[in-house]
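Q: Please find one structure pasted underneath; my questions will follow.
There are 2 protein chains.
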Amino acid sequence: MTELSWVDYLKRRTGKSPDVLTGIGDDCAWVRLGREKFLLKSDLFIEDVHFKLKNTSFEVIGQRAVARVLSDFAACGGWPKFIGISLGLPGHLNKKNLKLILSGVLKLAKQYKFSLVGGDTSKSSRLFLDVWGLGTVDKFIARDKAKTGDYIFVTGQLGNKPFNQPFRPRLEEAKILAKNFKLTSMIDISDGFIIDLCRILALSRKGACVAFADVPVTGGRKDLYRGEDYELIFTVSPSDKKLTFLKKKFYCVGRIMPESFGCKIKKGNKLSKIALKGYQHF
Amino acid sequence: MTELSWVDYLKRRTGKSPDVLTGIGDDCAWVRLGREKFLLKSDLFIEDVHFKLKNTSFEVIGQRAVARVLSDFAACGGWPKFIGISLGLPGHLNKKNLKLILSGVLKLAKQYKFSLVGGDTSKSSRLFLDVWGLGTVDKFIARDKAKTGDYIFVTGQLGNKPFNQPFRPRLEEAKILAKNFKLTSMIDISDGFIIDLCRILALSRKGACVAFADVPVTGGRKDLYRGEDYELIFTVSPSDKKLTFLKKKFYCVGRIMPESFGCKIKKGNKLSKIALKGYQHF
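Sequence order for the protein chains is C and L.
Here numbering that gives the first Met the number 0 is used: position 222 in the first sequence is 221, and no number is missing along the way.
Here numbering that gives the first Met the number 0 is used: position 84 in the second sequence is 83, and no number is missing along the way.
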């Protein structure tokens with residue numbers, strides 16, 4: 000089964016509630032409780048799937064596990080408020096290892112001013128962290144509202160972030176972008192520029208034309224499928240009067256096109272079509 | 000490391016925030032966001048730790064994983080509102096298995112009127128579910144407010160619930176209890192009557208005297224350490240004028256005593272002391 004078919008199935012089966020403003024399928028759920036609206040999110044970080052114990056420090060494991068969720072809040076224009084962690088712990092871990100994981104988490108808590116409110120711990124054959132949390136948001140930026148003609152941006156250089164080092168979630172940038180510009184959609188690059196752009200396109204029922212030369216990739220081979228970058232892709236209405244400013248500050252990499260156009264990459268004068276159906280299997 | 004020493008360490012390290020009314024160490028966290036107060040909770044359900052694939056149906060796995068969290072909301076006097084699930088999926092599971100897990104979850108969603116709002120899925124060597132959620136609560140019942148002289152109750156028979164069958168979380172009972180009686184503390188029995196009672200005692204800095212004959216256990220051997228019962232233990236102030244009614248409806252099993260008394264079980268005329276330090280190791 001592919002991710003897309005499972006998400007579609009989930010959406011059909013779970014139905015609609017007036018208190019669920021955006022449910023399954025976006026970076027976060029956007030919900031209402033009484034007079035407050037906020038974001039909910041969880042994200043798994045599993046040994047031998049998302050990290051290797053042999054080349055990642057425990058502190059970085061705690062840091063990355065939480066930063067991935069913060070990046071999802073950022074992708075909706077939000078900010079973390081309460082975070083919880085469910086920990087699966089193999090028998091070989093000791094108290095010192097656990098304290099290091101926690102210290103990676105608490106550095107972020109201090110930096111972004113959220114509270115660690117709880118979680119669960121259990122024995123497990125492999126180490127894993129499920130980080131869940133609640134975020135606040137003034138203006139929710141979805142994945143499914145990109146319009147034909149919108150400009151496509153990324154917030155920073157891709158391809159230069161080691162998988163076993165801390166990264167900085169783009170919370171501040173996202174907050175400024177959501178507040179001051181005519182953003183129509185946003186997503187964080189966790190699975191690769193192409194896959195995550197295609198998520199916006201599929202949900203918005205749109206196509207795109209991307210200039211290969213304009214996508215900012217550092218390092219050796221220019222790989223638009225490399226994941227774990229945690230920069231943001233966002234689309235901006237052409238009616239935004241501060242487009243020139245945005246183009247200076249960030250990287251404009253293409254335009255949103257009608258769905259029938261598909262998703263195409265322009266290299267020199269050649270357009271090549273990207274076929275991505277259903278994203279990754281799991 | 001023991002659970003208790005880890006929870007103490009976590010409490011010290013995470014510090015206090017005015018928006019976290021009850022943090023790490025209770026059945027749920029109780030938090031404030033703007034004008035709303037609510038519960039947050041997560042709970043792990045892991046293959047070969049909490050269930051065996053060979054004797055548990057996929058639907059029951061979905062049901063029990065979520066019902067455990069609902070039971071925690073019940074233990075605080077709350078009700079589930081939004082639920083999310085992070086799923087670790089081994090390669091041998093197929094679409095049909097996944098749909099059955101979901102159907103176990105959605106039965107509860109329909110029954111208790113909460114919304115499934117999202118989660119995450121990932122490859123994993125063993126099947127696990129981390130269920131997290133938000134619950135509403137009118138009057139939060141903590142673990143740490145039992146007073147000397149309070150009566151100790153359990154909501155129902157212990158020892159008769161198979162580990163591989165669905166169970167009914169005591170949401171309705173808890174709601175009625177929290178609303179209409181002078182409850183001082185409450186907890187759900189996930190790890191056994193004695194262990195969970197001792198959690199209330201340790202956090203309230205109190206002792207207890209329990210009449211062995213009055214603890215309602217069905218089945219063969221009377222085992223007060225058997226877990227996974229999901230009845231509730233609650234304590235009631237002796238000033239509650241409806242104590243007689245409570246004693247008819249539920250099971251009164253003892254009294255709260257000063258801390259110096261310790262936790263003692265009365266069998267006939269003999270009092271035996273329970274020594275439980277730090278609960279389970281993990």
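For each residue, glycine too, the CB sits at the ideal point set by N, CA and C.
What are the residues that DSSP puts in a beta bridge with Trp-131 (chain L)?
A: L:Ser-41, L:Gly-83
Q: Can you give me, in chain order, the residues of the segment 99 to 125 of chain C that have a beta carbon less than 7 Å from any beta carbon in chain L?
A: Contact annotation: in the segment 99 to 125 of chain C, residues whose CB is within less than 7 Å of a CB in chain L are Leu-101, Leu-105, Ser-114, Leu-115, Val-116, Gly-117, Gly-118, Asp-119, Thr-120, Ser-121, Lys-122, Ser-123, Ser-124, Arg-125.
Q: Taking beta-carbon pairs under 7 Å, can you tell me which members of the segment 65 to 92 of chain C lie near chain L?
A: Residues passing the 7 Å Cβ filter: Lys-80, Phe-81, Gly-83, Ser-85, Gly-87, Leu-88.
Q: In chain order, what residues of the same chain have a beta carbon less than 6 Å from the beta carbon of Val-65 (chain C), not counting five sequence neighbours either side?
A: Val-104, Leu-107, Val-130
Q: Please name the residue, chosen from L:His-49, L:Thr-154, L:Thr-1, that lies closest to Gln-60 (chain L) on a Cα-to-Cα basis.
A: Reading the sequence as shown, one finds Ile at residue 60 (chain L) and not Gln. With distances taken between Cα atoms, Ile-60 (chain L) lies closest to L:His-49.
Q: Does Val-48 (chain L) get closer than 8 Å to chain C when you measure Cβ to Cβ?
A: yes
Q: Which class does Cys-197 (chain C) belong to by DSSP, given the choice of helix, strand or coil?
A: helix
Q: Measure the Cβ-Cβ separation of Phe-152 (chain L) and Leu-245 (chain L) and say whether it is below 8 Å.
A: yes
Q: Within 10 Å of its beta-carbon, does Lys-95 (chain L) have 16 or more other beta-carbons around it, so buried, or fewer, so exposed?
A: exposed
Q: Hey, would you say Asp-42 (chain L) sits closer than 8 Å to Val-6 (chain L), going by beta carbons?
A: no
Q: CA-CA distance, Lys-51 (chain C) and Leu-126 (chain C)?
A: 10 Å
Q: According to the neighbour-count rule (16 or more other Cβ atoms, all chains shown, within 10 Å of its Cβ), is Ala-212 (chain L) buried or exposed?
A: With fewer than 16 other Cβ atoms from the protein chains shown falling within 10 Å of its own Cβ, Ala-212 (chain L) counts as exposed.
Q: Return no unless some Cβ of chain L is closer than 8 Å to the Cβ of Asp-7 (chain C).
A: no
Q: Using a Cβ-Cβ cutoff of less than 8 Å, which residues in the same chain neighbour Ser-114 (chain C) once the five nearest sequence positions on both sides are dropped?
A: Lys-80, Phe-81, Ile-82, Ala-108
Q: Is the CB of Glu-35 (chain L) under 8 Å away from at least one CB in chain C?
A: yes
Q: Tell me which residue opens and which closes the beta strand (DSSP E) that Tyr-150 (chain C) is part of.
A: 150 to 153
Q: What does the Cβ neighbour count give for Arg-11 (chain L), buried or exposed, with the cut at 16 atoms within 10 Å?
A: exposed
Q: When DSSP builds the beta bridges, which residues end up paired with Phe-233 (chain L)?
A: L:Phe-152, L:Met-185
Q: Would you mind working out which of L:Ser-203, L:Gln-62, L:Arg-31, L:Cys-27 sits nearest Ile-100 (chain L), comparing C-alpha positions?
A: L:Gln-62
Q: Kindly indicate which three-state DSSP category Gly-103 (chain C) falls into: helix, strand or coil?
A: helix
Q: Is the segment 128 to 143 of chain L in contact with the segment 139 to 156 of chain C, if contact means three or more CB pairs nearer than 8 Å?
A: Counting C-beta pairs closer than 8 Å gives fewer than three between the segment 128 to 143 of chain L and the segment 139 to 156 of chain C, which falls short of the contact rule.
Q: Which chain L residues sit within Cβ distance under 7 Å of Leu-20 (chain C)?
A: Neighbours of Leu-20 (chain C) on chain L: none; closest Cβ ~10 Å, over 7 Å.
Q: Does DSSP put Pro-17 (chain C) in a helix, in a strand, or in coil?
A: coil
Q: Is the segment 171 to 179 of chain C in contact with the segment 215 to 225 of chain C, if contact means three or more CB pairs nearer than 8 Å?
A: Taking a contact to require three or more Cβ pairs closer than 8 Å, the segment 171 to 179 of chain C and the segment 215 to 225 of chain C do not qualify as touching.
Q: Could you tell me if Leu-20 (chain C) is buried or exposed, where buried requires 16 or more neighbouring beta carbons within 10 angstroms of its beta carbon?
A: exposed
Q: May I have the straight-line CA-CA distance separating Phe-44 (chain C) from Cys-251 (chain L), to the nearest angstrom?
A: If you take the alpha carbons of Phe-44 (chain C) and Cys-251 (chain L), they lie about 45 Å apart.
Q: Taking all protein chains shown into account, decide if Arg-169 (chain C) is buried (16 or more other Cβ within 10 angstroms of its Cβ) or exposed.
A: buried
Q: Buried or exposed: Gly-267 (chain L), going by 16 or more other Cβ atoms within 10 Å of its Cβ?
A: exposed
Q: Using a beta-carbon distance cut-off of less than 9 Å, what residues from the segment 201 to 217 of chain C approach chain L?
A: none
Q: Using a Cβ-Cβ cut-off of less than 8 Å, list which residues of the segment 122 to 147 of chain C approach chain L; keep chain order.
A: Lys-122, Ser-123, Ser-124, Arg-125, Phe-127, Asp-129, Trp-131, Leu-133, Thr-135
Q: Using the DSSP secondary-structure output, state which residues sit across from Asp-119 (chain L) in a beta bridge.
A: L:Ser-85
Q: According to DSSP, is Ser-259 (chain C) helix, strand or coil?
A: DSSP places Ser-259 (chain C) in helix when its eight states are reduced to three.
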